[in-house]
Amino acid sequence: MQLNNQSVLGLFALALCCQPAFAETPSVDVRAVMPEKHHAVFRKYCLDCHSSDTKEGGVDLETISFQISRNIPTAELWAKILNAINSGEMPPEDAEPISNAEKLTFLEDLSTQMVVARRILSDSDGVITMRRLNRREYQNTVEALLGVRPNVSSLPDDQASAGFDTAGASLFFSSDQLEQYLAVARDTLNLALHPEEPRKGRTERIEPEEKYTQLYSELLAELHDTEKRAEAYLAQQGKPATEFGFLDEGQARKQLRATATYMPQLVDYLGRPETKHGATLISRIKTGVSKVQTRIVDGGPGMTLRLRVRAGAYAGVDPRYQYLEFTMRSWTGGYTTEIGWRKVKGTLEQPEIIEFDVFAPAGERVQFYVHQRTHQGRGDKNLWAQHRETNPIGTPPGLWVDWVEVDYPPQQGQWPEAAKLVLFDRPADWSEDRYAREVITRFATRAFRTERPSSEYVDKLVARYNAKRAEGLTLQDALIEPLGIVLSSPGFLYMVESSGGDESLTELELAVRLSYFLWSAPPDDELLSLANEGRLSEPDVLRQQTSRLLEDSRSDRFVRGFVHQWLGLARLGMFEFTARDYPDFDNAARESAREEVYQTIHTMLDEKLPLATLLKSDFIVVNDVLADYYGLSGVEGQAFRKVRLSAESPRGGLLGTAAVLAMGSDGLRTSPVERGAWVLRHLLHDPPPPAPPNVPQVSRFEGEVFSSRQLQLAHQQEPQCAQCHRKIDPIGFGLENFDAAGLWRERELVRTGRRKKDVTTFAIEPGGQLADGTRFTDYTSLRDVIASRTDDFARGLTESLIEYGLGRPFGFTDQEFADEIVKQAREHDYELSQFIHALVQSKPFQSK
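Using my numbering, the letters of the sequence shown correspond one by one to residues 45 to 892.
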């Protein structure tokens, strides 16, 4: 429904002042200037590659300003020059080296001037841009206010081109998005402000044989009929195909082949005695993956159901097919998602009962499915076809389900608990007008977090309420409009911090920043109470509260929100891993691999472990799915837990996780470039530059069979590629003992031929040399080299935490700030939580 938003837009209008992107610094007495004599160094050693015409890597040293403190971009470019020359990365190996005398003088002058520049520029950068709530924060905040989790799929996407989804510069808001926010707010308020319909709890049992025995019997009869008609047509001459129900001979032959494909599996299924009182879960048949499904459920304000399955596994079943998979189909949102897996330890003779809680989201009509574990894309169909080469029924049956029960909880006809904060008990002597005004005022005050709404603002909202009441709406329905406007206004959507001469956050603003940093949600009563008492900013109190927030289950929002972006885990979902080559890396394994990373971070925070644990450790954190995938025994259940590793294990640390290794592939083959670049970017704090334009593609070698190493070495022969690839590729080569899906291998298998059925194998050559000359012989020694560089890893983590926590890019003037955080964390053995404490205790975190 289109809205007339004129008055709403009037409420929405706010003057948002923006800083210039790169403001020139104010006039000062001191400038940071590089001596002009060093132009000679650039002319002699650098301009062949970095002149105004060549600009390799986008760097132009011919026109660079020698006034380092001119602005932030100039200072940042000089910082890159300092790092490149100091590390020996520039000039490159095949160029004339800078003489020791010239290098010493250049670096001394530049280092001195960089310190001056940083002091001059420190007052012109580090501004935290006012930003709107991202989708995660919006969802959590509305839920905290109303007790109902809103559906945010229609809201603006938060994916920025770089950085984090907390970055203010990318979280803009336009007036044409107002209607989207109003629609989401009104839908959520409608659920929150109306009590559930009273309903008794009940249990519904689903007997799958009632569906599948009839379905498969009818399908078999249909196939028999098709076979009979096709054979009759092909056995005669003269009569047209249409008399037999076919378009032509080609269709008749095609359908005859289909009957031969599917009939053996149906005959086998219907002939099994266990399918008379239950269902065998078939991985692939003409009708797709067989599944037991619940009826469609209306989620209302959100509802937890319990599924109960009586099931058993066939003897000798492939371990991958020993799992039940639970999925949810949203008929409202038009999506299907996996929600969990359970290993079946019972047998056909002694089935077990498995219980699994599922959640029906607020405002959505959903259906839950129970089926055999599946592969992504066409994987199950391909695996079934592979099995049919030796077995006419295709993939052997793995699981049998006797019945599925659904427990529907009772509903008392009450409002959600949080909504009671909106519709509080009305005092007997209050008029309805007074009550409505107070409801609106209290709600807006809570929603705006740090600012109390003005009386004029409340007057306009009350006028909206009165207009709706005059139209005949109930009190609750009339409140939806004004409260929806509150949830669509800048005071709610933006992280507003008061302006004024004092750059320090107020106590309340500090509570908000801390809670959104670690919970992505508004502060709770304890934080607010300390802020109102003026005690939250006391260092000891602030440290205790930071620890409390990290120990709370809501800190999972920080772990997932930060780690997913910090380590680039979105790439894990970019490619489909073929079932032919990676049959075990299915949906369950991939999602468990992603979860392993999150749960490892949780373990480090809970146990106060050092950061080096992420580079090398003697344990991993896995569930039964991932333990099976890694070949570890003794792990039962979906819960993740620590498992000690043998000294010979290649696991332990991020480099040994399937998630990180799979991201360094395209789903078919490993990519030493992606893996090497990921390590440089995320572990060694040495990100490679972007690829230059017009890079020759490895596809030019199509038709030739190379190992991954040979392919990249050939690529290095291109002059424009050599410099960067000599830095990136050796790290990737050191990880080649892991295949594209992260399993250990001794040889690389390459498929060739038109249908990729021919196989060539290559020995793995994992040895190499880093750009600084450090050598390694295999994966283990490479991991040891990387693990020895915890300082670099700590610096990269610190810069990312600053970006995420302050909602702005890490800048040139943040160098000393980051140095101090790293220093404080180093004093505590780089314990992960100490980085967070140091950031929260810092002046920048507590400043506007």
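Each residue gets a CB set at the ideal place from its N, CA and C atoms; glycine is no exception.
1. Less than 7 Å between the beta carbons of residue 12 and residue 718, yes or no?
2. So, do the region 564-581 and the region 653-673 have three or more beta carbon pairs nearer to each other than 8 Å?
3. Have a look at residue 492 and residue 443 and give me their C-alpha separation to the nearest angstrom.
4. Go through the region 652-711 residue by residue and report every complete run of the alpha helix (DSSP H) that reaches 4 residues or more, in order.
5. Output the boundary residues of the alpha helix (DSSP H) element that contains residue 481.
6. Would you mind giving the Cβ-Cβ distance between residue 453 and residue 193, rounded to the nearest angstrom? I have them listed as a contact below 8 Å.
7. Would you mind reading off the limits of the beta strand (DSSP E) that contains residue 302?
8. On the criterion of 16 or more Cβ atoms from any shown chain inside 10 Å, does residue 684 qualify as buried, or is it exposed?
9. So, helix, strand or coil for residue 47, using DSSP?
10. Tell me which same chain residues have a C-beta within less than 8 Å of the C-beta of residue 92, skipping the five on either side of it?
11. Could you check how far apart the C-beta atoms of residue 869 and residue 838 are, in whole angstroms? I think they sit under 8 Å.
12. Would the region 466-479 count as touching the region 260-273 if we require 3 or more Cβ pairs under 8 Å?
13. Can you tell me which of 223, 145, 279 puts its alpha carbon nearest to the alpha carbon of residue 898?
14. Hey, how far is the Cα of residue 803 from the Cα of residue 621?
15. Can you tell me whether residue 321 is buried or exposed? The criterion is at least 16 other CB atoms within 10 Å of its CB, across all chains shown.
16. What is the DSSP secondary structure of residue 837, reduced to helix, strand or coil?
17. Please classify residue 446: does DSSP put it in a helix, a strand, or coil?
18. With a 10 Å radius around its C-beta and 16 neighbouring C-beta atoms as the bar for buried, classify residue 279 as buried or exposed.
19. Between the C-alpha atoms of residue 135 and residue 364, what's the straight-line distance to the nearest angstrom?
20. Under 7 Å between the Cβ atoms of residue 176 and residue 202?
21. Which of helix, strand or coil does DSSP assign to residue 373?
22. Using C-beta distances below 6 Å, list every residue in its chain close to residue 875, excluding the 5 sequence neighbours before and after it, in chain order.
23. Just to confirm, are residue 563 and residue 513 a CB contact at a threshold of 7 Å?
24. Identify every residue that forms a DSSP beta bridge with residue 401.
25. Going by beta carbon distance, what residues of the same chain come within less than 7 Å of residue 312, once the five residues before and after it are set aside?
26. What does DSSP give as the partner residues of residue 335 in its beta bridges?
27. What do you get for residue 167, buried or exposed, if any count of 16 or more other CB atoms within 10 angstroms of its CB means buried?
28. Measuring straight from C-alpha to C-alpha, what distance separates residue 67 and residue 852?
29. CA-CA distance, residue 797 and residue 713?
30. Check this for me: beta carbons of residue 119 and residue 629, under 7 Å apart or not?
31. Out of 306, 413, 238, point me to the one whose CA is closest to residue 334's CA.
32. What separation, rounded to the nearest whole angstrom, lies between the Cα atoms of residue 65 and residue 749?
33. Please report how far the alpha carbon of residue 867 lies from the alpha carbon of residue 596, in whole angstroms.
34. Give the DSSP-derived three-state secondary structure of residue 563 in the structure shown.
35. Three or more C-beta pairs under 8 Å: does that hold for the region 697-708 against the region 605-623?
36. Could you give the residue range of the beta strand (DSSP E) that holds residue 802?
Taking the coordinates as given:
1. Nothing can be reported for residue 12, as the shown portion of the chain is limited to 45 through 892.
2. No, they do not touch.
3. Residue 492 and residue 443: Cα-Cα distance of roughly 53 Å.
4. Those alpha helix (DSSP H) runs which fall completely within the region 652-711 and span 4+ residues are 668-674, 702-707.
5. The continuous alpha helix (DSSP H) containing residue 481 extends over residues 476-492.
6. About 17 Å separates the CB atoms of residue 453 and residue 193; that is not less than 8 Å, and the two are not in contact.
7. Per DSSP, residue 302 is not a residue of any beta strand (DSSP E); the alpha helix (DSSP H) it occupies stretches across 293-315.
8. Buried is the call here.
9. For residue 47, the predicted model reports a pLDDT of 43, less than 50, meaning its position is unreliable; a value from the coordinates is still stated below. Coil at residue 47, not helix or strand.
10. Sequence-distant Cβ neighbours of residue 92 in its own chain, meaning closer than 8 Å and more than five residues away, are 98, 139.
11. With a beta-carbon spacing of about 6 Å, residue 869 and residue 838 fall inside the 8 Å limit used to define contacts.
12. Taking a contact to require three or more Cβ pairs closer than 8 Å, the region 466-479 and the region 260-273 do not qualify as touching.
13. Outside the shown range of the chain (45 to 892) lies residue 898, about which nothing can therefore be said.
14. So the two alpha carbons sit approximately 18 Å from each other.
15. With fewer than 16 Cβ atoms within 10 Å of its Cβ, residue 321 is classed as exposed.
16. Residue state, collapsed to three classes: helix.
17. Looking at residue 446 - three-state DSSP - the assignment turns out to be strand.
18. Counting every other CB atom within 10 Å of its CB across the protein chains shown gives residue 279 a total below 16, marking it as exposed.
19. Between the alpha carbons of residue 135 and residue 364 lies a gap of roughly 53 Å.
20. The criterion of a C-beta distance shorter than 7 Å is not satisfied by residue 176 and residue 202.
21. Three-state result, residue 373: strand.
22. 652, 654.
23. A distance of 7 Å or more separates the beta carbons of residue 563 and residue 513.
24. Within the DSSP secondary-structure output, residue 401 pairs in a beta bridge with 350.
25. The residues 437, in chain order, have a CB closer than 7 Å to that of residue 312 in the same chain once the five nearest residues on each side in sequence are set aside.
26. According to DSSP, residue 335 bridges with 415.
27. Model confidence at residue 167 stands at a pLDDT of 45, short of 50, so the residue's coordinates are unreliable; what they give is reported in the following sentence. That one is exposed.
28. Any reading at residue 67 must be qualified, since the residue scores a pLDDT of 34, below 50, and its modelled position is unreliable; no value is offered.
29. The alpha-carbon of residue 797 is positioned some 16 Å away from that of residue 713.
30. Not closer than 7 Å, so no.
31. When each option's Cα is compared against that of residue 334, the closest is 413.
32. The predicted position of residue 65 is uncertain, since its pLDDT is 31 and thus under 50; a value taken from the coordinates is nonetheless stated next. Across the structure, residue 65 and residue 749 are spaced so that their CA atoms are roughly 50 Å apart.
33. Taking the straight line joining both Cα atoms gives about 27 Å.
34. Annotated three-state conformation of residue 563 is coil, per DSSP.
35. Contact holds between the region 697-708 and the region 605-623, because three or more Cβ pairs, one in each stretch, are under 8 Å apart.
36. For residue 802, the uninterrupted beta strand (DSSP E) run begins and ends at 802-807, by DSSP.
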